[in-house]
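Asks: Next up is a structure, given as structure tokens.
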Amino acid sequence: MPELEANDLMEKVVSLCKRRGFIYQSSDIYGGITGFWDYGPLGAELKRNVKELWWRQIVLLRDDVAGLDATIIMHPKVWKASGHVDTFNDPMIDCKVCKGRFRADQVNEIPCPRHPKMSVAQCPCEKTAPRPFNLMFKTYVGPVADEESVAFLRPETAQAIFVQFRNVLETSRQKVPFGIAQIGKSFRNEVTPRNFTFRSREFEQMELEFFIKPDEAVEAEAGSVAEPNGSGHPGEPQRNWGWRAWLQYWVEERIRFYESIGLPRTSLVEYWQKPEELAHYARATVDILYKFPFGTQELEGIAARGDFDLSQHQQFSGKSMEVFDEETRNAFAKLDEEKRKALWQRFYENKKVDFGKRGCPEDQIDQRAREAADKLLRGTYIPHVIEPSAGVDRLVLALICNAYDEDKAPDEKGNLETRIVMRFHPRVAPIKVAVFPLLKNRPELVAKARQVRDLLRPHFAVFYDEAGAIGRRYRRQDEAGTPFGVTVDFDTLGEKGAALADTVTVRDRDTMRQERVKIGELVDWLRERLR
RNA sequence: GCGGGUGUGGUUCAAUGGUAGAACGCGGGCUUCCCAAGCCUGAGACGAGGGUUCGAUUCCCUUCACCCGCUCCA
Numbered sequence: 015m016p017e018l019e020a021n022d023l024m025e026k027v028v029s030l031c032k033r034r035g036f037i038y039q040s041s042d043i044y045g046g047i048t049g050f051w052d053y054g055p056l057g058a059e060l061k062r063n064v065k066e067l068w069w070r071q072i073v074l075l076r077d078d079v080a081g082l083d084a085t086i087i088m089h090p091k092v093w094k095a096s097g098h099v100d101t102f103n104d105p106m107i108d109c110k111v112c113k114g115r116f117r118a119d120q121v122n123e124i125p126c127p128r129h130p131k132m133s134v135a136q137c138p139c140e141k142t143a144p145r146p147f148n149l150m151f152k153t154y155v156g157p158v159a160d161e162e163s164v165a166f167l168r169p170e171t172a173q174a175i176f177v178q179f180r181n182v183l184e185t186s187r188q189k190v191p192f193g194i195a196q197i198g199k200s201f202r203n204e205v206t207p208r209n210f211t212f213r214s215r216e217f218e219q220m221e222l223e224f225f226i227k228p229d230e231a232v233e234a235e236a237g238s239v240a241e242p243n244g245s246g247h248p249g250e251p252q253r254n255w256g257w258r259a260w261l262q263y264w265v266e267e268r269i270r271f272y273e274s275i276g277l278p279r280t281s282l283v284e285y286w287q288k289p290e291e292l293a294h295y296a297r298a299t300v301d302i303l304y305k306f307p308f309g310t311q312e313l314e315g316i317a318a319r320g321d322f323d324l325s326q327h328q329q330f331s332g333k334s335m336e337v338f339d340e341e342t343r344n345a346f347a348k349l350d351e352e353k354r355k356a357l358w359q360r361f362y363e364n365k366k367v368d369f370g371k372r373g374c375p376e377d378q379i380d381q382r383a384r385e386a387a388d389k390l391l392r393g394t395y396i397p398h399v400i401e402p403s404a405g406v407d408r409l410v411l412a413l414i415c416n417a418y419d420e421d422k423a424p425d426e427k428g429n430l431e432t433r434i435v436m437r438f439h440p441r442v443a444p445i446k447v448a449v450f451p452l453l454k455n456r457p458e459l460v461a462k463a464r465q466v467r468d469l470l471r472p473h474f475a476v477f478y479d480e481a482g483a484i485g486r487r488y489r490r491q492d493e494a495g496t497p498f499g500v501t502v503d504f505d506t507l508g509e510k511g512a513a514l515a516d517t518v519t520v521r522d523r524d525t526m527r528q529e530r531v532k533i534g535e536l537v538d539w540l541r542e543r544l545r
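All the letters of the first sequence, read from the start, carry residue numbers 15 to 545 under our numbering.
Printed below as a string of structure tokens:
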């Protein structure tokens, strides 16, 4: 494709999305609503395919991940424990002059950026009144809208997984290491939704919380903790993997996934956050970015979060989030005294740091860290977690941007015309195969084509079309990204002899070349190419 | 949240203080033996609200949405 200006490309993508029914503005007839988008017929299929492929890859094809489907509204304490309420509930004051935003309770201490000798409270700049600034959508549960009934729409799906950790553990017969996966809607009242669907206020996430043993437990069991070699897929999980190896494993697994649905590796960027960028509870975070026309932006974040989340919920709920791990207990029992002591010490030191970060009272830190280290030696610990967290909508947008292409194709008279074609990977293509009678005014062709449609329909997403010239119908499907077009012609009816009878042409979206395939073999032929 | 820009059929664009046009697309019909062909025909728009005016899609105000730059982004 000739290099398009990024802005032009986005405009073309947005207009195609509307024209072909991938994405519309929410509440379009009322003028739209900022930050909300709807998926039309093709978009809905595309998005479903993405979610199903993720679920298949993460849950169905593995022994060690279980699924979950939790509610959007949860007990408000969930967001207390997670930190979402406190971090974002502070009233903020915006300065209209310097555009700064300050916590209302700090304006007396913070110097004004324009008048550094004065505090924000003292400076003459025009400022807004203090306003609550919380990115969580608030609602009320039950008929009375008072403070008692306040609840929030979840700003991420992850917390539901932590909250149901105990239940899943007990009913799924999983043992650490294992994961819990969930796909679902999340809501953030973003200040500035921007870039089409990239940052929306209502969006969908695909999140996995993969629970692993603390490194000290791994070392007790395996003798040492594997040092990942920096880059590349580390292969099948091993019992000596600590969090670093698991992190790398999931980064590579996820990149492979993106490649498997058609995003070339060259379109992706793997970004290891610098220590100063990390959230306070994160040990490491790797972003997988996609080179969107409007910039290289995050598709997925893979965070090593230690035991922060489960610990928080244990503290706030009073319910234990610990697991008893027989292997760990037995391993520690067999260790010599010196090694056991060394691992105890290391775990204890790490715990002290963690408790400190979580705001544990100074005078309790030491004792609680000791208790946790003692428990570890008896095989009881709070699992650590690796969290691959992906945005469905931004992935769909990436697939659409990646698929958009223009090339030149000859029309009926042989003149070259611009052809817009969505080069979706067949796995994600909304429609897998279109079926056409070559001409619609020949009842025999139409009848046969409908038979072929009915034959394929139980197996694939099929679109049947008999309107207009055959070339026009091919082009329509090019814009929908349909990888295959099946045409019933006169050969199919046996007019050129028995050898071609009951064969159809299959037209390839990308090459526009055709191949004759027997109707009886069509399902298998297509299935092989749609895998 | 701030500043700038843009809002006309599904899409992309025109014109106008006095009946809003086109191209492509879409529906129906004819035609057509493989890549947006042709013929006939049909449906379809001034983002919303207010104001000025005899009359507003056009001028003014407000609002909403989208785009660009800042800001924000657990």
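Virtual Cβ for every residue (Gly too), placed ideally from N, Cα, C.
No experiment lies behind these values; they were computed from the predicted model shown.
Express the C-alpha separation of Asp83 and Leu167 in angstroms, rounding to a whole number.
Replies: Distance between the alpha carbons of Leu167 and Asp83 is about 15 Å.
Asks: Would you kindly report the start and end of the unbroken alpha helix (DSSP H) that includes Trp260?
Replies: Trp260 -> alpha helix (DSSP H) spans Trp257 to Ser274.
Asks: Go ahead and label Ile316 buried or exposed: buried means 16 or more other beta carbons lie within 10 angstroms of its beta carbon, across all protein chains shown.
Replies: With 16 or more other Cβ atoms within 10 Å, it is buried.
Asks: Excluding the five sequence neighbours on either side, which residues of its own chain have a C-beta within less than 6 Å of the C-beta of Phe477, listed in chain order?
Replies: Answer for Phe477: Ile445 and Ala448, listed in chain order.
Asks: Put Leu222 into one of helix, strand or coil per three-state DSSP.
Replies: Note: Leu222 maps to strand in three-state DSSP.
Asks: Leaving out the 5 sequence neighbours to the left and right, which residues in its chain are closer than 6 Å to Gln71 when beta-carbon positions are compared?
Replies: Result list for Gln71: Phe271, in chain order.
Asks: For the segment 408–495, list the alpha helix (DSSP H) runs that are entirely contained and at least 4 residues long, ordered along the chain.
Replies: Counting whole runs of 4 or more residues, the segment 408–495 contains the alpha helix (DSSP H) stretches 457–470 and 484–494.
Asks: What residues in its chain sit with their C-beta under 8 Å from that of Arg319, if we drop five residues either side in the sequence?
Replies: Taken in chain order, the residues that qualify are Tyr295, Ala296, Arg297, His398, Val399, Ile400 and Glu401.
Asks: Use the C-beta contact count for Ile269: other C-beta atoms within 10 angstroms, 16 or more gives buried, fewer gives exposed.
Replies: Buried, since its Cβ has 16 or more Cβ neighbours within 10 Å.
Asks: When the Cα atoms are used, what is the spatial distance from Asn203 to Ser29?
Replies: Using only the alpha carbons, I get a separation of about 26 Å.
Asks: Tell me which residues share the same chain as Ser403 and place their Cβ nearer than 6 Å to its Cβ, disregarding the 5 neighbours each side in the sequence.
Replies: Correct list, in chain order: Glu221 and Gly315.
Asks: Can you tell me which of the three DSSP states His89 falls into?
Replies: His89 falls in the coil class under three-state DSSP.
Asks: Going by DSSP in three states, Tyr295 sits in which element: helix, strand or coil?
Replies: Three-state DSSP puts Tyr295 in coil, outside helix and strand.
Asks: Is Ile43 buried or exposed, if buried means 16 or more other CB atoms sit within 10 Å of its CB?
Replies: Label assigned to Ile43: exposed.
Asks: Taking the Cβ atom as the reference point for each residue, do Val537 and His473 lie within a distance shorter than 7 Å?
Replies: Result yes, Cβ atoms of Val537 and His473 sit closer than 7 Å.
Asks: Taking 7 Å as the limit between beta carbons, can you name the residues of its chain near Cys415, skipping five residues before and five after?
Replies: Closer than 7 Å at Cβ, skipping near neighbours: Val27, Phe306 and Pro307.
Asks: Using 8 Å for Cβ pairs, my map puts Ala231 next to Leu390. What's the rounded Cβ distance?
Replies: Sure, about 6 Å apart at Cβ, within 8 Å.
Asks: Tell me whether Phe217 sits in a helix, a strand or coil according to DSSP, three-state version.
Replies: Three-state DSSP puts Phe217 in a strand.
Asks: State yes or no: is the C-beta of Asp321 within less than 7 Å of the C-beta of Ile379?
Replies: No, these two residues do not count as a Cβ contact at 7 Å.
Asks: DSSP on Gln196, reduced to helix/strand/coil?
Replies: Residue state, collapsed to three classes: strand.
Asks: Between Ser281 and Tyr304, how many whole angstroms is the CB-CB distance? I'm expecting something under 8 Å.
Replies: Rounded, the Cβ-Cβ distance is 6 Å, consistent with contact.
Asks: Return yes when the Cβ of Val502 is within less than 7 Å of the Cβ of Val518, no when it is not.
Replies: In contact: Val518 and Val502 (Cβ atoms closer than 7 Å).
Asks: For Pro402, which beta-bridge partners are listed by DSSP?
Replies: Looking at the DSSP assignment, Pro402 forms a beta bridge with Ile316.
Asks: Compute the Euclidean distance between the alpha carbons of Leu430 and Asp421, then round it to the nearest angstrom.
Replies: Rounded to the nearest angstrom, the two C-alpha atoms are 9 Å apart.
Asks: Check whether the Cβ atoms of Thr153 and Ala172 lie closer than 7 Å to each other.
Replies: No. Outside cutoff.
Asks: Taking the C-alpha atoms as reference points, what is the distance between Arg382 and Val367?
Replies: Roughly 11 Å between the two C-alpha positions.
Asks: Taking Ile47 as the reference, which of Leu183, Arg208 and Asp160 has the closest Cα?
Replies: Nearest option by C-alpha distance: Arg208.
Asks: Touch check for the segment 339–351 and the segment 212–219: three-plus C-beta pairs under 8 Å?
Replies: The answer is no - the segment 212–219 does not touch the segment 339–351, with fewer than three Cβ pairs under 8 Å.
Asks: Might you give, ordered along the chain, the residues of its own chain that have their beta carbon closer than 8 Å to the beta carbon of Val442, omitting 5 neighbours on each side?
Replies: Around Val442: Leu60, Asn63, Val64, Leu67, Ile275, Gly276 and Leu413.
Asks: With distances taken from CA atoms, which of Asp77, Gln326 and Asn181 is nearest Lys546?
Replies: For residue 546 there is no data in the structure shown, the boundaries of the chain being 15 and 545.
Asks: Suppose the cutoff is 8 Å on Cβ atoms and the five residues either side in sequence are ignored; what does the same chain contact list for Arg10 look like?
Replies: For the chain, the structure presents residues 15 to 545; residue 10 sits outside this window and is missing.
Asks: How many Å lie between Ala356 and Glu312 at the Cα?
Replies: When rounded, the distance between both Cα atoms is 40 Å.
Asks: Do Met436 and Gly495 come within 7 Å of each other at the CB atom, strictly closer than that value?
Replies: For Gly495 and Met436, yes; Cβs fall inside 7 Å.
Asks: What residue does the beta strand (DSSP E) around Val283 start on, and which one ends it?
Replies: Per DSSP, Val283 belongs to the beta strand (DSSP E) from Leu282 to Trp286.
Asks: Does the distance from the CB of Lys227 to the CB of Val265 come in under 7 Å?
Replies: No. Outside cutoff.
Asks: Starting from Glu370, trace the alpha helix (DSSP H) in both directions and tell me its first and last residue.
Replies: The sequence given here has Gly at residue 370, not Glu. Its alpha helix (DSSP H) spans residues Glu351 to Lys371.
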